[in-house]
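Participant: Sending over a structure as structure tokens; questions will come in a sec.
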Amino acid sequence: KTNRSLTSLDLSSCSIGNEGGIELGRGLAENSTIEYLFLGKNSLGSGSDASFFAVGVSANQSLRTLHVSGNGLAAAGDVDVWGKSIADALSNNSTLRRVDLSNNSLSDPSILDAVSTARSSIEYFDLSDNIIECISIETQLVLAKRLSSAMELDLSLNPLSSPPLGRLADHSNLKSYLSLLASEKTAVTRIRLMVLGYGGVGKSTFCRAVTSDHNVSDFHSTLVPVHEWDVERLVDWARRLGTSWSGDAARLIVDECVTGKDLTKFIDTNDHGDDINTFPPSKLLLNLCSSKYPSVDGDKFAKAITALTAKGYLSTVGAVKVEGAIDLENGTLISLVDFAGQVEFLVSHQLLLSSMHTLCMVIQPAPSFGKSDHRHSRSWDYW
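According to my numbering, the residues represented by the sequence shown are 12 to 394, in order.
This is the structure:
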């Protein structure tokens with residue numbers, strides 16, 4: 012409190028504890044000469060009294076460097092006393108230039124809000140190896156401006172999820188997020204959007220609609236059940252099978268004027284052999300393949316028809332990169348990946364959604380909410 016000559020003090024690894032931190036805070040509040048303070052690995056967070064920050068750092072107006080890493084400043088219970096006290100101290104202190112709060116299990120994003128609006132001209136701020144998960148778009152935009160000039164911020168080893176998620180992912184926040192990406196020193200020019208959702212909710216239709224030059228309303232018909240499909244819709248499905256004989260299968264559909272309600276004529280529903288989920292080709296299909304469309308594999312075509320009629324809607328297998336992209340006004344291209352929504356493919360989602368820089372969209376029909384008997388009920392919970 013009374014020393015007027017000490018400018019640097021290193022008390023790292025001295026087992027100061029929470030009570031010692033309280034006393035240091037009281038002294039720091041009245042000291043006007045200390046500029047460099049090192050308190051790493053002292054278990055300051057062994058108690059819930061955050062006076063060191065709330066009283067000491069907040070009031071001190073001489074401190075330039077503060078090193079408080081490895082002190083276990085984790086939240087205890089529902090109230091994050093340490094996070095709030097640190098944020099308040101950063102807002103009140105006007106002299107700090109370098110701060111190290113790494114490895115403290117900090118989770119309160121308000122600390123970053125305070126950094127972005129701090130009175131002091133912070134040059135270096137280390138928040139690495141903590142458990143911060145989300146940073147608001149507003150804070151990211153402010154920090155982006157500060158980081159492009161004089162401040163260095165370390166957020167490594169935090170489980171960050173940068174894109175706005177859930178209800179926060181509205182038009183305004185997503186637009187701000189894209190602006191943030193475009194304003195970085197190395198601007199992001201390509202974004203991959205992973206489209207997720209339960210089977211049959213319209214993911215593939217959405218992907219095709221947003222990457223097509225046609226009017227979006229042209230794709231409304233793709234949401235109708237298979238038994239109502241017309242010839243044109245079936246031709247599009249056949250061409251998307253991705254086989255060497257897809258073109259001839261599409262020609263068969265056109266020549267024979269096949270519609271959705273006719274599909275069951277091409278499979279023998281009375282004979283499923285050893286596979287209860289697959290029907291063999293009917294005599295009609297076998298005759299057409301042998302006489303007019305020899306390149307078409309009757310067994311595989313029948314299997315595809317069986318899967319289509321069983322689901323009742325167009326389904327994706329695995330994960331498919333969508334042809335085309337969304338071209339934003341600023342030159343950024345967004346490519347899409349369409350994920351299969353059936354239960355058997357859900358494990359692939361976990362394998363492919365490992366990047367923190369991937370935007371995710373989950374599409375689910377609103378009527379399923381609150382209806383336990385709906386086939387999509389609670390499907391949101393998985394993601």
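The beta carbon of each residue, even a glycine, is placed where N, CA and C say it ideally should be. As the structure is a prediction and not an experimental result, all values here were calculated from the model.
Could you check the C-alpha separation between G32 and H78 for me, to the nearest Å?
Facilitator: Within the sequence shown, the letter at position 21 stands for residue 32. Within the sequence shown, the letter at position 67 stands for residue 78. Roughly 13 Å separates the two Cα atoms.
Participant: Within the region 134-175, note down every full alpha helix (DSSP H) run reaching 4 residues or more, in order along the chain.
Facilitator: Counting only runs of 4+ residues, the alpha helix (DSSP H) found wholly inside the region 134-175 occupies 148-158, in chain order.
Participant: Compare the C-alpha of S102 against each of E46, V66, D91, L117 and name the closest.
Facilitator: For this step, residue 102 is matched to residue 91 along the sequence shown. Checking every option, the nearest Cα to that of S102 belongs to V66.
Participant: Would you call T280 buried or exposed, if buried means 16 or more other Cβ atoms sit within 10 Å of its Cβ?
Facilitator: By 1-based counting over the sequence shown, the position of residue 280 is 269. Its Cβ having fewer than 16 others within 10 Å, T280 is exposed.
Participant: Return the bridge partner residues of D21 from the DSSP annotation.
Facilitator: Stepping through the sequence shown from its first residue, residue 21 is reached at position 10. In the DSSP output, where bridge partners are listed per residue, D21 has F49.
Participant: For L274 and L252, what's the separation of their Cα atoms in angstroms?
Facilitator: For the purposes of this step, residue 274 is taken as the residue at position 263 of the sequence shown. For the purposes of this step, residue 252 is taken as the residue at position 241 of the sequence shown. Taking the straight line from one Cα to the other gives about 16 Å.
Participant: For the region 333-343 against the region 295-310, do three or more pairs of beta-carbon atoms, one drawn from each stretch, fall closer than 8 Å, so that the two count as touching?
Facilitator: No, because fewer than three Cβ pairs between the region 333-343 and the region 295-310 fall closer than 8 Å, the two stretches do not touch.
Participant: So, helix, strand or coil for L347, using DSSP?
Facilitator: Position 336 of the sequence shown holds residue 347. Three-state DSSP puts L347 in a strand.
Participant: From A260 to V269, what does the alpha carbon distance come to, in whole angstroms?
Facilitator: For this step, residue 260 is matched to residue 249 along the sequence shown. For this step, residue 269 is matched to residue 258 along the sequence shown. Approximately 11 Å, taken between the alpha carbons.
Participant: For G208, which of helix, strand or coil comes out of DSSP?
Facilitator: Walking along the sequence shown from the start, residue 208 turns up at place 197. It is a strand residue.
Participant: Applying the 10 Å Cβ sphere with the 16-neighbour rule, what's the burial state of D119?
Facilitator: Sequence index remark: in the sequence shown, residue 119 carries index 108 (1-based). Classification of D119: buried, given that the 10 Å Cβ count is 16 or more.
Participant: Applying the 10 Å Cβ sphere with the 16-neighbour rule, what's the burial state of P291?
Facilitator: Position 280 of the sequence shown, counting from 1, holds the residue named residue 291. Result: buried.
Participant: Please say whether N53 and N14 have beta carbons closer to each other than 8 Å?
Facilitator: Here the question's residue 14 lines up with position 3 in the sequence shown. Here the question's residue 53 lines up with position 42 in the sequence shown. Cβ atoms of N14 and N53: not closer than 8 Å.
Participant: Is K216 buried or exposed, if buried means 16 or more other CB atoms sit within 10 Å of its CB?
Facilitator: Position 205 of the sequence shown, counted from the first residue, corresponds to residue 216. According to the sequence shown, residue 216 is Thr rather than Lys. Result: buried.
Participant: Buried or exposed: which applies to C25, given that a residue is buried once 16 or more other Cβ atoms fall within 10 Å of its Cβ?
Facilitator: Along the sequence shown, one-based indexing puts residue 25 at 14. Under this definition C25 is an exposed residue.
Participant: Classify V265 as buried or exposed, calling it buried when 16 or more other Cβ atoms lie within 10 Å of its own Cβ.
Facilitator: The residue you call residue 265 lines up with position 254 of the sequence shown. Classification of V265: exposed, given that the 10 Å Cβ count is below 16.
Participant: If distances are taken between C-alpha atoms only, which option among A70, F49, V242, I27 comes closest to K12?
Facilitator: On the sequence shown, residue 12 is found 1 positions in, with the first residue counted as 1. The shortest CA-to-CA distance from K12 to any of A70, F49, V242, I27 is the one to A70.
Participant: Go ahead and pull the three-state DSSP assignment for T216.
Facilitator: Residue mapping note: residue 216 aligns to position 205 of the sequence shown, counting from 1. Three-state DSSP puts T216 in a helix.
Participant: Quick check on this structure: which residue in P305, G309, L263 has the alpha carbon closest to the alpha carbon of I278?
Facilitator: Stepping through the sequence shown from its first residue, residue 278 is reached at position 267. For the residues P305, G309, L263, the minimum Cα distance to I278 belongs to G309.
Participant: Considering only DSSP beta bridges, list what K332 is partnered with.
Facilitator: Stepping through the sequence shown from its first residue, residue 332 is reached at position 321. K332 pairs with V348.
Participant: Which of helix, strand or coil does DSSP assign to V126?
Facilitator: On the sequence shown, residue 126 is found 115 positions in, with the first residue counted as 1. Of the three classes helix, strand and coil, the one that applies to V126 here is helix, per DSSP.
Participant: Can you list, in chain order, the residues of its chain whose CB lies under 6 Å from that of R130, leaving out five sequence neighbours each side?
Facilitator: Within the sequence shown, the letter at position 119 stands for residue 130. Contacts found: S105.
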